[in-house]
Structure formats: structure tokens, C-alpha cells
Amino acid sequence: MSANKESILKKLADAVINFDEAAAMAAVNEAISGQVDPVEAITRGLTAGIKEVGDKFGRGEIPLPFLMLAAQVMEKAMNELLKYVPEDKRPEPLGVMVLGTVEGDIHNLGTNIVTAVFTAAGFKVYNIGVDQPVENFIKKAEEVNADIIGASALMSNTLQQQKFLGEALKKRGLRDKYIYMVGGGAFPGEEWCRECGADDYATDVMIALEKAKNLIAERKKRKAKK
Amino acid sequence: MAKTGVPLPSRNRLWRVLDKEELEIIDTAAYKVLKDVGVFIDDNELLKMAEEMGCSVNYETKIVTDIPEHVVREQVRKAPRSFLLAGRDPEWDVEVEGPARRQYWAPESGATDVLVWDEKGKKYYRRRASSKDTLYAAKIVDGIDDFDVNVYIYDAAEEGHQGLPSELNKMNAMLQGTTKWAGHLCTTVSTIEEYDYVEKLAAEVAGGEEELRKRPLFWTVYNYIGTLQLNRFNSWLFRASVKYHWPIMPAVTAAAPLMGPAMAAGNAAISHAGLLFMIALKQFHDPGVAAVPNNIVFSLDPMTGRGGAHVPHFMLGTCAMNQLWHELYGLPTAQYGGTFAASLDQQAFNLARYMALQIISGTDFIFEQCGGEAFDPALIPICAEIARMGRTLMSTFHQIYPTPENLALDVTKEVGAKGEKWMTHKYNLDRLKMFPSGFCLDTDAFDTWLGKGARSWVYDLCREKLKELEKHEPKPLPKDVVERMNAIVKEGNEKLRVR
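For the record, the sequence lines run as chains A and B. Per the working numbering, residue 227 is the first one in the first sequence, and the count goes up by one each step. Per the working numbering, residue 806 is the first one in the second sequence, and the count goes up by one each step.
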């Protein structure tokens, strides 16, 4: 049974690494019928696969489209496995993120990449799409009890929306409730991050992921101390 | 007589990527894209304008399809082949007389930050750009004769961040900072009314709105956002260009392989489709006003998702599209030469290799786009060096034609095998001007260069040259004109300030 389980877990991981949806779903079915714990199938199978893909991408060994495909396969397989897991037993995501492109801006390549990479890394990402007013970020964050709000702007003339979001969070007394991260192709750097009142920024998805993980970890530590 | 532009050799001498049949295939493919795929427009007014032209419009999805080929062809024919773009000083007028006749140069960026080199600390820092920086760069470019036109280097980002109308402030700086044609008016997030102020501002310089119409001091620039999406800011600008009869330069960037087809041909067809639509729409609503297509057959680096990998895709696609517009539609073209690298030396490398192909494929308006978000002004002399190279190549092209005069066999016989008299022979002395010096190239011998500290061209020599260039002051506008312009900007800042 154990050897069989290990074999199934490897099939799940390989399916993600090879972004092979058919193989992934076949491995999922095998896991279910083989009575492999679905949470273990996710954490030791799918997640192991996506971690390897993410590491390769971070080292510049594979291009972005392969990462996106792997993340899509992972998500589909994971959603299928989660059907067999009671709500209270589901693995906690690393963090919950609300992500979008600010009002006036319809670029979405960057946010789609972040969604894929963060999801693959174990975050639950609510991508609210493009041209989103400040209100929509906050509304969604409140609705899903987010840890992080991420706002992207790719045009120099929509950047100020990132500052407006920071101001709105502060005005409503929500600034400390959320980790606020900013980024995008036109991002001017650290000083702008400070002006926006954000916790951090990134213009590279892997750096964003590391920063997000660190910010979440620091937050957990602070909460634990209290 | 205007002194702008470098005459190009005849079109059959330019680099031709595709034959006529192949160009027509891409042209036909573009019409299929217009029919079956369409364009997304996030503005109801512009959607109505498209509907008036005979397109099918879905107001819910905001997609325009069934863009009729015969209408587009008929409208695009109305775009003038010859037109004027005016400098404040008529000596700097750009008199376009058809495609691929003359080549015009300018550096271009639109950076929101200034990249400042700290000589003492030997490091960079960046600060937000304002219209003062727009003015600073405009003045430098104004003083360099290798640049025919003046396109903004720095955005009025600081004003934008303060909620002020940034394009109005930017154009004020440009119009005051140069006697050359003042380049690009771009999108704003302020309000469409900002363009009413820009019209007033430019009319002050031109001597009235009628005069501005005859002598346009800038054009308006639109960028589709991958693949064929026009956001509402682009829509506002387009509507303003129709209202005020401003010329246009639409640009399309479906970025392969992440936001457009991986092959240059497919991406070119999409780019072409987007431009056909915009130019047709402009001519339908504002016939006879100049429209210059800018096909950016763009690519993103699939390893990072960022732009700047100058793969053959970009270079081939843009050159082929020059050819298509020149040969099938008789219109001049514009091109950006993007480089998104950070270091000066890599930018110089990217620009030079990309510009070389633009030069020999006959791009009419070559905009050396560089700097990304933060522009180091040392890039200006780098761009000038590349412009000089291009200008020299094209203006002395005729020297390779094997005419009896160029072959100079009689002189060769006279000078003889040892060749000692070539240096001072009248034949060569009369032609020495075809061997110009570089703009600021290092021509020292190796030992001298080493002895001087082995200085870097980009980091040391170009920076030194910049100090000299900064001294230039353009011919000022009359005091009363400047006062009225500043008053218009002041009023605009007060009335249009957002948040």
C-alpha cells in the first residue's frame, strides 16, 4: 500500500511538473480509489511538483508559460481532491490574498502571473481583475478575511490609485488589518511604496512571493506574542 | 526651407523583408482580425463613433467586430501622404512628402523618474520627474541638430501625483523648451477637458487655433493594451484629436509570446489590424488629418514576463510593417526602439542594433525609446550618437553607387599604386565631409585611452558631453505668450485637479 501510495504521489507531482492535465486527473482518481489521504495527495504530491516548477522558474530554467500551465494543472487537480476533504480538515493556505489591477488600468499579465505563482506556492488568491476601484479591493478583502491586499499598476498615470488605496485603508482604520503590497511594470521603487503607505513592493514575482511569505510570518509572530 | 530629416535612398534600396504578395497576405489577415476578433473599447462615446462607421458594437462586452473592410480601405485612403508637422521655428518644420522619403530622429522615453548619478557616492538614486525635468530634457534635445523633432523624455509625473493635469503641464514644458516639433500628447487620467486646455495652450504658441490646425505642433499617441484593447483614457484622447483635428500616431503592442501570437507574422497582422481601425476611424470622423502608424510588433521575455528581449520577432515584425504601410498604403511610419534594460551600456547596445534595422528598412520617424521608468540623461548623447550614425549612413548612401564619378578610376590611375597622394588629392578633400566625426565617440589611440584612465564611453564620456549640452537655451517664446501659457496652465491646474 505504502509503495503504491508513494507511486501515486510521484505521479501527481510529475503531472504538475509536466503540466499534464490528463495525467494529473488520472493520478487524482488513482489517489481517491487507492484511498490515499487527499490532503497528503495535495501536500506531498501536487505541492511537491509545483515547488519544483517554482524553483526552476526562480532559477531561470523554465519560461513563464510553463509555470502558468503547471499552476493551472495543480489548481484543477487540487480542487478535485478537495471535494473529498471536509471543510474543517482542509489544509490552511499560506495566506489569503486579494489581488487586482487598479482603476483605469487594464493590464493583467502581471497579476495573472502573481496569481499563478502564489497559488502554486500555497496561497489562496482572489484575483478581482482589472480596472478595480479602491472600494472593490477593500470589499473583497473584508469578505474573504484576507491577509494581503495586492494592487498592481502598469501605467504611470494610474499609479496614484495605489496611494489612494493606502489612504483609504488608513482612513477606515483597516491599515493594520491587512498586509498591503504594491507592484507592477511601472513601479517607481521604494519611495513610492512608502508614499502609498504599503508594507512592501515588488516588480518580480519571485521576490514578491518571498516578501509576502516573510510578511505573513512576521505577522503571525506578532499575533502569537500578543 | 526646413532642414529636418535625412533624405533616404530610393525604396528599392531599402531592406525589404517580404515580397508584395506576402505583404498582401498579412494585410488580408488583418482585415479578418477586424471582422472576427475586433477591438475592445472602454468608452461608450467611442463605441458609438465605431458604430457610425459601420461596425457591429456590443455595448455590453464593449467589443467592436465586423469592422467592414471596404469602409476601412476607403477611409485609410483619406490619410494624407504629405503633411506638415510644425516646429515653433519653421526651420524645424517636418515636411513629410510621402513614405520613406526622409528619416526623422528623436530620443523618447516618457519616464516617470529621473535616474540621478551620484558621482561622489558612485551610485544611482531615483527621484520623481516633474515638468521641470520635461523642460530640462527638451532644451537639451532642442540643441542637438542630429535630432529633428523633440519628444518628451520625462513625464510630468510629480504633477500627476498631485492630482494636477499632467499632460497639460508636460506640453507647456515641451512647447516652451523647444523650437522643434514638440512630439507626443498622450493619455491623461485627469479628465477629457484637459485637452481643451492643451488646445488653448498650443494655440497661443501657434498664433490661434486656425493656425494650429495648419501648423500642428504635436500629435496624439494611443497605445492599445494587449492585445487589442483601448482603455478609456485612449478613447478620451482620440475624441479630443477629432474635436481639435490633431494628427495621430496610434501604436499597437500585442506582446508575444505571452499576450499575442508567438510568430511575428501573426503578431504583425494583429498590430496592423489595430492601426487600420484607428486610422480609419480617425479619417471617418476627421478626414484628411495626418495619421502615422506605429506597428510595435512587440515581444516580452518568456522567462521573466518583462519587455526588452530584442528577439528577431520584434525587429522583423516592425521592419515588415514599415514596408507594408509604405508599399500598400503609401503612408509614412513611426517606430519606437524600445530597450528596457537598466544599465546604460546594455541600453546603448540594444538601441544600436535595433536602430540599425529601422534605418535600413526606411522607418520615417525613428524614436529611440529608452530609459524605461527612470531615465538617465546620459542616454541623450548616446541616442545622438546613434542618430548621427543613421543620418550619416543614409545621407552618404549614394557613395556606393558605381557611377564614373564614384569609381574615380581616372584619379586612381593618376595617384598610382603607392597611393601616397590620396590624402591631399582634391577629389578626396572635396568629399571629406562624408566622414564626419561621431557625436561624442572616443577616438583616442589605445595607449592614450589607457593613460586617461580607460574611461567608459557611456558612463564617462557621454556624461561629460551632457554637461556641455545642458548649456543650450532654445529661442524663447515672447514674454506675453509665455505669460498667457502659464495662466492657462494655472487655470487648468485649479479647475481640473483631482482628489
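Note that CB positions come from ideal geometry on N, CA and C, so glycine has one too. Since this is a predicted model, take the numbers as computed values, not measurements.
Limits of the unbroken alpha helix (DSSP H) element including residue i
i          : result
Leu920(B)  : Leu920(B) -> not in any alpha helix (DSSP H); beta strand (DSSP E) instead, spanning 918-923.
Lys350(A)  : Where Lys350(A) is concerned, there is no enclosing alpha helix (DSSP H), although the beta strand (DSSP E) it sits in stretches over 350-358.
Val1047(B) : 1037-1049
Arg420(A)  : 416-422
Pro291(A)  : 290-308
Val946(B)  : 936-947
Asn255(A)  : 247-259
Glu829(B)  : 825-837
Gln1204(B) : It is not in any alpha helix (DSSP H) - Gln1204(B) carries neither H nor E in the DSSP assignment.
Listed by chain order, chain A residues near residue i by CB distance under 9 Å
i         : result
Gly965(B) : Ser382, Asn383, Leu385, Gln386
Thr870(B) : Simply none; closest approach about 19 Å.
Which of helix, strand or coil DSSP assigns to residue i
i          : result
Ile958(B)  : coil
Thr1229(B) : coil
Glu1173(B) : strand
Trp986(B)  : coil
Ala1095(B) : coil
Pro812(B)  : strand
Leu819(B)  : coil
Ala1069(B) : helix
Thr1025(B) : strand
Asp426(A)  : strand
Lys867(B)  : coil
Within chain A, partners of residue i - CB distance below 8 Å
i          : result
Ile1030(B) : Ile332, His333
Asp847(B)  : Ile332, Asp357
Neighbour flag for residue i against chain B, beta carbons, 9 Å
i         : result
Val431(A) : yes
Ala412(A) : yes
Gly392(A) : no
Asp357(A) : yes
Gly336(A) : yes
Glu389(A) : In the sequence on display, residue 389(A) carries Lys and not Glu. Chain B contact via Cβ: present.
Minimum Cβ-Cβ distance from residue i to chain A less than 9 Å
i          : result
Leu1063(B) : yes
Phe1038(B) : yes
Ala1059(B) : no
Asp960(B)  : yes
Ser971(B)  : yes
Gln1034(B) : yes
Ala1147(B) : no
Asp918(B)  : yes
Asp1249(B) : no
Asp1181(B) : no
Gly915(B)  : yes
Arg1012(B) : Checking the sequence, you will find Gly at residue 1012(B) rather than Arg. No, Gly1012(B) does not count as interfacial toward chain A.
Gly968(B)  : yes
Distance CB(residue i)-CB(residue j) smaller than 9 Å
i          : j          : result
Val838(B)  : Gln1128(B) : no
Gln387(A)  : Gly423(A)  : no
Val279(A)  : Ile288(A)  : yes
Ala303(A)  : Val242(A)  : yes
Asn1072(B) : His1131(B) : no
Thr1333(B) : Val899(B)  : The structure shown does not extend to residue 1333(B), since chain B spans only 806 to 1304, so no value can be given for it.
Gly1093(B) : Lys883(B)  : yes
Tyr1027(B) : Pro1055(B) : yes
Ser1261(B) : Asp1150(B) : yes
Phe1103(B) : Ala1060(B) : yes
Thr912(B)  : Val876(B)  : The sequence shown places Pro at residue 912(B), not Thr. Not closer than 9 Å, so no.
Tyr1141(B) : Ile1101(B) : yes
Ser1040(B) : Leu851(B)  : yes
9 Å Cβ cutoff, residue i in contact with chain E
i          : result
Met1108(B) : The structure shown contains no chain E; the protein chains it does contain are A and B.
Residue interval of the beta strand (DSSP E) (run including residue i)
i          : result
Glu900(B)  : 899-902
Pro1209(B) : Run containing Pro1209(B): none in the beta strand (DSSP E); it sits in the alpha helix (DSSP H), 1209-1212.
Gln1140(B) : 1139-1141
Glu1269(B) : Element bounds for Glu1269(B): not the beta strand (DSSP E) but the alpha helix (DSSP H), 1267-1274.
Pro1186(B) : Pro1186(B) -> not in any beta strand (DSSP E); alpha helix (DSSP H) instead, spanning 1184-1200.
Chain-ordered chain B contacts of residue i [CB-CB under 9 Å]
i         : result
Pro291(A) : Pro1062, Leu1063, Pro1107
Under 7 Å from the C-beta of residue i: neighbouring residues of chain B
i         : result
Gly415(A) : Arg931
Gly286(A) : Met1108
Lys339(A) : In the sequence as displayed, the identity of residue 339(A) is Ile instead of Lys. By Cβ distance, chain B contributes Gly1110.
Chain-ordered neighbours of residue i on chain B, where CB pairs are closer than 8 Å
i         : result
Ile364(A) : Here the premise fails: no neighbours, minimum Cβ distance about 17 Å.
Amino acids of chain A, ordered along the chain, whose beta-carbon sits closer than 7 Å to that of residue i
i          : result
Val994(B)  : Gly330, Asn383, Thr384
Glu1178(B) : Ala412, Pro414
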